[in-house]
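Residue numbers (mature numbering (1 follows the signal peptide of the UniProt record, and there is no 0)): -24 to -1, 1 to 386.
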C-alpha cells in the first residue's frame, strides 16, 4: 500500500469515527473499510449502481407532505397522513365505508397520501449521503441537504413532527390515525445514520443539524406522550419493538443517551421474554397471514436494537429468561426453515416466501458478524442460501468481503 493511500484511508477512518456517537445501526469501522475498498471487485458494482441512482436524484424534485391529495382532519396539510395498508372498501356498503380488513393484501390507495413519499425521501437522503461519503463529491451532499430541508425544515413544506393521522382507516374514528402508524417512520433510523455521515459535509450546516435534532426531539416527545404512542408501546407484537427501536435511535441522534439506555435496559423484560416462547416461536407474529415475514421482520427490529445497545456497551443478544426464552431461540426457529419450501412451513405465508427467506439470511449475517461471531452456523447458512443482488445496499453497509464473496455482476 502506498504511503499516500495509507494516509488517505486513515484520515477517512478518523473522519467517520468523529461522528461515531451519532451512528446507531451501521458500523463505522466497516464503512471506513468499504470506503477504502470501494473499487474492489465485490463492492464496485453495487457502488456503481448506487452512484448512478444518486446521479439521477440530483435532478429529482424534492417531496413534501404538501403534495398529498387529501387534507387530514386537522385541516393542516403539514400533518403527516397515511392509510392503513390492509384496509379496503366494504363491498356491501354503497360508499365502501367504513373500510374492512384484508390482512396481508396491500391497498394501492396508500400512494395517494404521505407514506410512500416519506419512505422515498428517507431512501433518497440515505443514497445521496452514502455516495457523498464514498466519493467525496459535494454535489450529493447538497442534494441530500435540500431534501432534508424540504421534508423537515422549510416552513412552507415541512412535515409537522407528529403522526396523528398515520395509518388511519377511512370511515373509522373520524379518520384519526392509529397507534400502528408509528411504524411508518422506521426508515428514519437508517436515514439518521446517513445524516450522521452528512454532518461532515460542507452542505449540511450546523444550523441544519440543530434544526433537524430539534425536529426529532419533538417527534420523540410526541411518540412518548401521545395516546397513539402509549398504545404502541403497550402492544405485544413487532410494533412495540419497532417503537422501541425508533425511540432509541431518535434519542441517540438528539443526544438523549439517558432515554436510550432506559429503553434498552427494559428491553429483555418488556419485549424479548413476552414475545418469544421457550421453543423460539413468536406467537403473535405466527397468527398473521404472513407469519414467516412478520416473525423475520420482528427479529430485524431486535437486531437493530441490539446493535444500538452494543454501541453503548450493553449486550442484549444472549440474555435468557428462567424458562429459556431468548433471541437466539427465535433465530434458530426460523433458521430451521431456510432452504425448505413453503409447504414445510406450518403456518400461513400467503405471499413472499422467497423474499422473506432472503431477508432472514441478512439477519443471520448481521447476527453472526456484528453480534456473535461464535455463531458460524448462521454464517454458513447465509452463504449457502443467499442470493446476491447487485443493487442491494446491504452489500456495502454490512458485508465484510472475504474469499467467499465473488465479484458481483450486473
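C-beta atoms are modelled at their ideal positions from N, C-alpha and C, and glycine is treated no differently.
Quick check: residue i and residue j, are their CB atoms within less than 8 Å of each other?
i           : j           : result
residue 240 : residue 288 : yes
residue 102 : residue 367 : no
residue 153 : residue 162 : no
residue 301 : residue 259 : no
residue 321 : residue 169 : no
residue 353 : residue 276 : no
residue 356 : residue 272 : no
residue 74  : residue 14  : no
residue 323 : residue 262 : yes
Just to check my reading of the structure: residue i and residue j have Cβ atoms closer than 8 Å, yes? What is that Cβ distance to the nearest angstrom?
i           : j           : result
residue 195 : residue 171 : Actually they are not in contact, since the Cβ atoms of residue 195 and residue 171 sit about 14 Å apart, beyond 8 Å.
residue 138 : residue 198 : 5 Å
residue 228 : residue 286 : Contact doesn't hold; Cβ gap of about 12 Å is too wide.
residue 281 : residue 220 : 6 Å
residue 244 : residue 292 : 7 Å
residue 177 : residue 122 : The Cβ separation is near 12 Å, so there is no contact.
residue 157 : residue 58  : 6 Å
residue 6   : residue 376 : 6 Å
residue 252 : residue 210 : Contact flag wrong, Cβ pair sits at about 18 Å.
residue 8   : residue 116 : The Cβ separation is near 18 Å, so there is no contact.
When the Cα of residue i is compared with those of the options, which residue comes out closest?
i           : options               : result
residue 87  : 186, 316, 107 and 46  : 46
residue 93  : 134, 66, 261 and 72   : 134
residue 225 : 110, 279, 333 and 89  : 279
residue 363 : 352, 215, 381 and 351 : 381
residue 61  : 36, 89 and 38         : 89
residue 183 : 129, 164 and 111      : 129
residue 38  : 17, 192 and 127       : 127
residue 316 : 304, 303 and 332      : 332
residue 342 : 298, 284, 383 and 299 : 284
residue 71  : 257, 147, 117 and 242 : 147
Let me confirm a value: residue i is counted as buried when at least 16 other C-beta atoms fall within 10 Å, else exposed. Which label applies?
i           : result
residue 233 : exposed
residue 100 : buried
residue 360 : exposed
residue 231 : exposed
residue 385 : exposed
residue -1  : buried
residue 378 : exposed
residue 55  : buried
residue 212 : exposed
residue -9  : With a pLDDT of 45 at residue -9, under the threshold of 50, the modelled position of this residue cannot be trusted; read the value that follows with caution. Classification for residue -9: buried.
residue 136 : buried
residue 67  : exposed
Can you check DSSP and say which residues form a bridge with residue i?
i           : result
residue 391 : Any answer about residue 391 is impossible in this case: the structure gives the chain only from -24 up to 386.
residue 57  : 141
residue 266 : 325
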